[in-house]
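Report on the following structure.
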Amino acid sequence: MRDTWRLALSSAIAAVLCAGVSSFAPPATRRDGVPAMLVSRQLRESQKLSIGDVVSLSSEPSGAHPRQFRIAGEYEPIPDPMRLGAVRHEVRLHLPDLIEMTANPADPLAAESVDALNVALPTPADAASWARETAARSPGLVLRSTANDDRAGPFIVLERFHLAIAIVTVIASSIFLLALMLMLVDERRETVGILRLLGVRRRRILLHVLAEGLVIAAAGAALGVVLSVAFEGGINRFFQWRYDTALVFVRITPAIALRSIVIAVPLGVLATLASSWTLLRREMFSLTRR
Amino acid sequence: MRALAFAARSLVRQPGRTALGILGIAAVGALLFDMLLLSRGLVVSFRDLLDSVGFDVRVMSTDAAPLGGPRVPHASAIAFELAALPAIAEAVPVRLTDAEASTRGTRPIGFSLMGMDARGRRPWTLTAGRDLGRDAADTPPSLLVNRLLADALKASPGDEIAVRVVCAADRAALPPVPFRIIGVAAFPFDAAAERSGVASRASLAIACGGDGGDDADMLLIASREGYGPDAAVAAIRRHRPDLHPATNDEIVARMQATGFTYFRQISAVLSTITLLFGFLLITVLMTVSVNQRLAEIAAIRALGFSRARVAADVLCQSALLVGCGGVLALPLGIALSIWLDAILKAMPGIPSALHFFVFEPRALMLHAALLSVTAVLAAVYPMALVATLPIAATLRNEVVS
């Protein structure tokens with residue numbers, strides 16, 4: 000026995016959520032006929048397990064009645080937003096092995112019972128009608144389409160939360176932009192006054208300001224997209240490291256980049272126009288007066 | 000004239016610019032305030048929720064999260080043993096399971112069913128009917144339901160319903176058992192759309208055909224006054240080393256290390272960004288403003304104002320902008336936090352009594368401190384500009400231009 004440890008195991012295929020004391024068997028004692036299992040990457044790394052190791056698992060908190068399994072491979076658990084932050088110490092067993100380990104010998108039905116059956120339909124669109132018909136034929140069964148998987152619920156809520164934060168940020172940025180543009184335009188008061196005195200029309204000056212605002216806003220929006228793409232990898236790597244998960248936290252898609260530009264550019268142009276308009280409305284002599 | 004009054008007049012001279020600056024700071028400050036509320040809100044709220052139940056220690060069979068591990072066998076005997084310890088006032092085993100309820104002619108409605116032999120403390124608030132007690136012989140077992148379940152069943156206290164309990168994952172569903180609704184209660188851990196009920200553990204065991212009759216998902220422990228939860232945990236560990244007790248603080252700490260970290264991280268990231276944004280906003284506003292007033296500043300320097308005095312004027316302007324924006328940020332932030340809290344509470348399985356944004360005096364102090372530091376830092380560059388301003392050259396340039 001090389002080490003003894005206590006594990007919380009969870010299996011995706013059964014409700015054995017916790018297992019007790021397990022122990023390593025040295026490679027020399029490996030026997031043929033030991034059932035195979037997969038371990039999650041997190042479990043393998045934290046317990047320094049190796050492919051080919053034989054470990055003992057028990058479904059009892061005390062670690063009683065252990066069974067030996069050989070680690071046949073490692074897998075990356077399916078990222079689950081509901082379990083973000085949870086330590087994914089999991090193993091996957093063949094169903095008969097799991098039932099043999101966990102079934103109550105006094106209950107003849109236990110060896111025939113499972114938590115769920117995954118069904119793949121030839122036509123996924125028929126899921127709802129098939130579920131209705133099957134439920135009518137087999138009262139007591141709960142049939143749920145994976146299209147209605149509520150595991151995405153937290154992410155949908157987080158998306159709404161991030162959108163709300165984005166709205167507040169855009170409002171704050173717009174105010175900032177407007178204040179900045181007001182000051183910059185005010186700095187050009189005399190220049191605008193001289194242009195007006197030279198006979199340049201308001202419309203012409205406004206067009207000039209509009210073009211300038213458009214260029215500045217487009218450049219700013221493009222820089223924002225470039226910055227977010229540059230940060231994307233770093234943010235993902237940080238959060239994937241922090242939560243030990245394969246979940247992707249930030250993904251800058253062309254649609255998102257386009258949406259950002261579509262919001263940012265008109266806002267920038269509007270801020271430029273609004274700030275310039277206050278200046279252009281004034282009498283030309285008041286613009287040149289010091 | 001004092002620096003603050005002088006700065007106030009300088010700001011009032013340009014009302015549009017000042018108003019926009021204050022509004023910008025208010026928006027940024029509101030977001031910062033909310034992030035500070037979010038950073039510890041869930042933890043504070045979760046602790047309050049745990050404490051509100053009246054039990055300060057939970058006992059599980061493993062170190063797994065509450066309700067995440069195997070059940071505690073022989074729970075009644077263990078509860079009896081633990082309740083006899085001097086540090087413990089009450090020990091109550093709790094079993095939680097899923098169930099389906101139906102009235103005559105209606106479709107079954109799923110709900111969470113708690114089995115609990117409540118004595119003194121009860122982790123629910125009765126809103127109608129009567130509370131759980133000893134059931135009379137030859138009558139259906141009593142059941143308390145929450146308002147959502149009562150409404151879904153169109154049932155009221157006194158009605159009899161059929162309940163089918165999902166006793167174990169590896170067991171076939173048992174036939175429904177009649178229960179009598181004796182009251183309606185509010186359960187603190189219920190999610191907004193959750194239907195739930197509570198019955199005695201004995202009646203739950205009967206509904207399960209005696210399966211796992213004395214198992215419990217956990218034991219709720221109330222420490223005796225004068226001992227406290229830590230003493231109760233120590234006593235349990237000494238008496239039953241095979242059990243895994245945890246105080247409310249320990250459970251919160253565990254949750255903080257796993258489930259709540261996302262919001263802390265988000266809060267830290269957004270707080271940093273908002274502070275940076277606020278810093279940039281004030282710095283740019285002040286710098287541009289100072290640049291536009293270079294001649295004026297050179298003139299007042301020539302009139303005898305010291306470098307320190309004009310620098311103080313800029314610092315006071317920054318402080319006034321941030322101060323006014325910061326004060327305005329508080330009501331804005333509270334309104335925003337209510338909106339954001341409502342968004343986040345739509346997350347599945349979140350108890351409706353849990354809040355993501357919780358006000359603490361600490362958050363207010365931190366908000367004020369961070370904004371003050373931002374005001375000072377943002378004023379550094381414009382202060383340096385006015386302090387090093389060459390008076391004669393600036394005035395000459397102004398005259399020549």
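Line by line, the protein sequences are chains E and C. At position 172 of the first sequence (counting the first as 1) the number is 171 in numbering that gives the first Met the number 0, and the numbers step up by one without a gap. At position 356 of the second sequence (counting the first as 1) the number is 355 in numbering that gives the first Met the number 0, and the numbers step up by one without a gap. Here a beta-carbon is modelled for each residue, glycine too, at the ideal position from N, C-alpha and C.
Rounded to whole angstroms, what is the Cα-Cα separation between residue i and residue j?
| i | j | result |
| --- | --- | --- |
| alanine 82 of chain C | glycine 225 of chain C | 16 Å |
| glutamate 89 of chain E | cysteine 166 of chain C | 24 Å |
| glycine 40 of chain C | leucine 369 of chain C | 18 Å |
| valine 156 of chain E | isoleucine 342 of chain C | 7 Å |
| leucine 269 of chain C | valine 27 of chain C | 10 Å |
| proline 123 of chain E | aspartate 96 of chain E | 31 Å |
| threonine 246 of chain C | serine 75 of chain C | 21 Å |
| aspartate 106 of chain E | serine 112 of chain E | 10 Å |
| glutamate 489 of chain C | leucine 125 of chain C | Since the first and last residues shown for chain C are 0 and 400, residue 489 of chain C lies out of range. |
| leucine 112 of chain C | aspartate 55 of chain C | 22 Å |
| arginine 29 of chain E | asparagine 145 of chain C | For arginine 29 of chain E, the pLDDT reaches just 43, beneath the cut-off of 50, and the residue's location in the model is therefore unreliable, although a value from the coordinates is still provided. Taking the straight line joining both Cα atoms gives about 55 Å. |
| arginine 133 of chain C | tryptophan 129 of chain E | 46 Å |
| alanine 386 of chain C | valine 309 of chain C | 7 Å |
| alanine 198 of chain C | isoleucine 205 of chain C | 11 Å |
| alanine 217 of chain E | valine 264 of chain E | 6 Å |
| alanine 392 of chain C | arginine 300 of chain C | 12 Å |
| glutamate 99 of chain C | arginine 106 of chain C | 9 Å |
| threonine 273 of chain C | serine 172 of chain E | 11 Å |
| serine 101 of chain C | proline 65 of chain E | 42 Å |
Between which residues of its own chain and residue i is the CB-CB distance below 6 Å, once the five residues before and five after are set aside?
| i | result |
| --- | --- |
| serine 227 of chain E | Ile251 |
| leucine 384 of chain C | Val289 |
| histidine 366 of chain C | Phe32, Leu35 |
| arginine 87 of chain E | Ser39, Gln41, Pro76 |
| leucine 331 of chain C | Ala25, Ala29 |
| methionine 36 of chain E | Phe68, Val90, Leu92 |
| glycine 23 of chain C | Leu280 |
| arginine 103 of chain C | none |
| alanine 256 of chain E | Val224 |
Here's the rule I'm using: 16 or more other beta-carbon atoms within 10 Å means buried, otherwise exposed. How should residue i be labelled?
| i | result |
| --- | --- |
| threonine 17 of chain C | buried |
| histidine 161 of chain E | exposed |
| serine 274 of chain E | buried |
| phenylalanine 23 of chain E | Confidence at phenylalanine 23 of chain E is low in this model, with a pLDDT of 35, below 50, so the placement of that residue should be treated as unreliable; the coordinate-derived value is given next. The residue is buried, with at least 16 neighbouring Cβ atoms inside 10 Å. |
| glycine 62 of chain E | buried |
| arginine 91 of chain E | buried |
| glutamate 132 of chain E | exposed |
| serine 49 of chain E | exposed |
| leucine 181 of chain E | buried |
| arginine 280 of chain E | exposed |
| histidine 243 of chain C | buried |
| methionine 100 of chain E | buried |
| leucine 19 of chain C | buried |
| valine 251 of chain C | buried |
| aspartate 52 of chain E | buried |
Apart from the five residues just before and just after residue i, which ones in its own chain have a Cβ nearer than 7 Å to its Cβ?
| i | result |
| --- | --- |
| isoleucine 349 of chain C | Ala190 |
| glycine 212 of chain E | Gly267, Val268, Thr271, Leu272 |
| aspartate 340 of chain C | His354, Phe355, Phe356 |
| aspartate 50 of chain C | Asn247 |
| alanine 401 of chain C | Missing from the structure shown is residue 401 of chain C; chain C here goes from 0 to 400 and no further. |
| alanine 117 of chain C | Val91, Leu131 |
| valine 321 of chain C | Ile24, Ile281, Leu370, Thr373, Ala374 |
Grab me the residues of residue i's own chain with a C-beta within less than 8 Å of its C-beta, minus the 5 sequence neighbours each way, in chain order.
| i | result |
| --- | --- |
| leucine 278 of chain E | Val184, Asp185, Arg187, Arg188, Val191, Leu286 |
| leucine 143 of chain C | Trp123, Leu125, Gly128, Asp130, Leu131, Ile180, Ile181, Gly182, Val183, Ala184, Gly196, Val197, Ala198 |
| lysine 344 of chain C | Ala191, Ser351, Leu353, His354, Phe355 |
| tyrosine 74 of chain E | Leu37, Val38, Ser39, Arg40, Arg91 |
* To do: Taking a Cβ distance cut-off of 8 Å, strictly less, list which residues of the stretch 15 to 44 of chain C are near chain E, in chain order.
  => Gly15, Arg16, Leu19, Gly20, Leu22, Gly23, Ala26, Val27, Ala29, Leu30
* Which residue spans inside the stretch 200 to 277 of chain C form an unbroken alpha helix (DSSP H) run of at least 4? -> Fully enclosed alpha helix (DSSP H) runs of no fewer than 4 residues occupy 200 to 206, 228 to 238, 247 to 256 of the stretch 200 to 277 of chain C, in order along the chain.
* To do: Identify every run of the alpha helix (DSSP H) within the stretch 286 to 356 of chain C, keeping only runs that are complete inside it and at least 4 residues long; order them along the chain.
  => 293 to 301, 306 to 343
* To do: Starting from the N-terminal side, write out each stretch of the beta strand (DSSP E) that is 3 residues or longer and does not extend beyond the stretch 86 to 110 of chain E.
  => 90 to 92
* Asked: If you measure beta-carbon to beta-carbon, which residues of the stretch 327 to 353 of chain C are closer than 7 Å to chain E?
  -> Leu335, Trp338, Leu339, Ile342, Leu343, Ala345, Met346, Pro347
* To do: Determine which residues of the stretch 365 to 399 of chain C have a Cβ less than 7 Å from any Cβ of chain E, and write them out in chain order.
  => none
* Mind listing which residues of the stretch 150 to 162 of chain E have their C-beta closer than 7 Å to chain C's C-betas, in chain order? -> Gly152, Pro153, Val156, Arg159, Phe160
* What runs of the alpha helix (DSSP H), each 4 residues or longer, lie entirely inside the stretch 79 to 123 of chain C? -> none
* To do: Give, in chain order, every residue of the stretch 179 to 190 of chain E whose Cβ lies closer than 8 Å to some Cβ of chain C.
  => Leu179, Leu181, Met182, Leu183, Asp185, Glu186
* Asked: If you measure beta-carbon to beta-carbon, which residues of the stretch 288 to 310 of chain C are closer than 9 Å to chain E?
  -> Ser288, Asn290, Gln291
* Asked: If contact means a Cβ-Cβ distance below 7 Å, which residues of the stretch 264 to 285 of chain E contact chain C?
  -> none
* Asked: Closer than 8 Å, Cβ to any Cβ of chain E: which residues of the stretch 87 to 109 of chain C, in chain order?
  -> none
* **Segments assigned alpha helix (DSSP H), at least 4 residues, entirely inside the stretch 171 to 206 of chain E** => Runs of alpha helix (DSSP H) with 4 or more residues, each lying fully within the stretch 171 to 206 of chain E, are found at 188 to 196, listed in chain order.
* **Every unbroken alpha helix (DSSP H) inside the stretch 123 to 170 of chain C [4 residues or more]** => 146 to 152
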